[in-house]
Amino acid sequence: MAIPPGGEHESELKEQPYPSSSGRITKRFVFDKSKIIALRETFGSTRVTRFEAMFVLLWSAIQATKSEEDELVASIAVNLRKRMNPPIPEQCFGNICTAIMTNWPKEEITDRNSFAGKLRELIRMGSPYCKFFKWADSNEEIQFQLQEFNNELLNKEKELQKILDDVEKTKNELRKRVDDVEKRETVVSTREMVLLEKETELRHGRTLLWVYLTILFVIACYFIVSK
Numbered sequence: 001m002a003i004p005p006g007g008e009h010e011s012e013l014k015e016q017p018y019p020s021s022s023g024r025i026t027k028r029f030v031f032d033k034s035k036i037i038a039l040r041e042t043f044g045s046t047r048v049t050r051f052e053a054m055f056v057l058l059w060s061a062i063q064a065t066k067s068e069e070d071e072l073v074a075s076i077a078v079n080l081r082k083r084m085n086p087p088i089p090e091q092c093f094g095n096i097c098t099a100i101m102t103n104w105p106k107e108e109i110t111d112r113n114s115f116a117g118k119l120r121e122l123i124r125m126g127s128p129y130c131k132f133f134k135w136a137d138s139n140e141e142i143q144f145q146l147q148e149f150n151n152e153l154l155n156k157e158k159e160l161q162k163i164l165d166d167v168e169k170t171k172n173e174l175r176k177r178v179d180d181v182e183k184r185e186t187v188v189s190t191r192e193m194v195l196l197e198k199e200t201e202l203r204h205g206r207t208l209l210w211v212y213l214t215i216l217f218v219i220a221c222y223f224i225v226s227k
């Protein structure tokens with residue numbers, strides 16, 4: 001598998017196959033330290049981490065093989081140890097991480113530096129969610145916190161329902177106003193039709209009047225000439 005670095009520095013990929021019980025081969029790509037340093041230098045004055053540089057390289061290379069219709073989604077593992085609020089206890093061990101799902105269309109990736117900035121901002125946006133974690137020392141405390149969380153959800157649900165009710169009420173009022181406007185438009189349209197009919201009748205009457213007057217004038221002239 002060859003992945004173009006997208007710059008003037010070539011990165012050598014070493015494939016190390018590992019046999020598995022399913023018969024499949026897992027491939028691990030190892031990037032030399034010097035090549036990673038050279039890759040980071042291609043970003044110029046923009047300071048990027050090793051992870052950001054490698055992610056931009058791999059994402060750009062994989063996306064280059066996809067068509068415009070293909071959707072590319074990445075799952076980024078984020079270390080939460082230094083982001084927890086309150087901080088984790090010293091006796092806590094093991095991995096504390098979360099996954100951030102994201103995708104970037106091709107048109108949003110204008111250059112590698114801006115892409116690295118988007119990646120950094122995405123990871124930073126996930127940090128505030130660490131404040132929702134709470135530590136518990138006993139099962140009773142866990143149940144108490146769960147109950148508090150459930151009550152908070154119920155309150156939020158009530159608030160949301162109230163908002164929905166207000167929206168529905170406003171929608172009904174708007175619908176009523178629209179109906180009133182449509183009725184008024186119908187009345188106005190009907191009156192316009194009546195006025196138009198009367199105007200047509202009036203014009204017709206004027207035309208007949210002129211015809212009668214013309215006939216009378218002709219008859220009068222005839223009698224005058226006859227005498």
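Numbering (full-length UniProt numbering), first residue to last: 1 to 227. Backbone N, C-alpha and C fix where the C-beta goes; we use that ideal spot for every residue, glycine too.
- Judged by beta-carbon spacing, F115 lies beyond the 8 Å limit of I123, meaning their Cβ atoms are not closer than that value.
- By the C-beta density criterion, L209 is exposed, having fewer than 16 other C-beta atoms within 10 angstroms.
- Taking the CA atoms as reference points, S75 sits about 14 Å from M54.
- Within the same chain, Cβ atoms closer than 7 Å to the Cβ of E71 are found at N103, the five residues on either side in sequence being excluded.
- If you draw a straight line from the Cα of D179 to the Cα of E141, it is about 56 Å long.
- Counting the other CB atoms within 10 Å of its CB gives V187 a total below 16, which places it among the exposed residues.
- Around the beta carbon of V56, 16 or more other beta carbons sit within 10 angstroms, so the residue counts as buried.
- T65 is not bridged by DSSP to any residue.
- In this structure, T98 keeps its C-beta atom at 8 Å or more from the C-beta atom of L119.
- Secondary structure at I123: helix, using DSSP grouped into helix, strand and coil.
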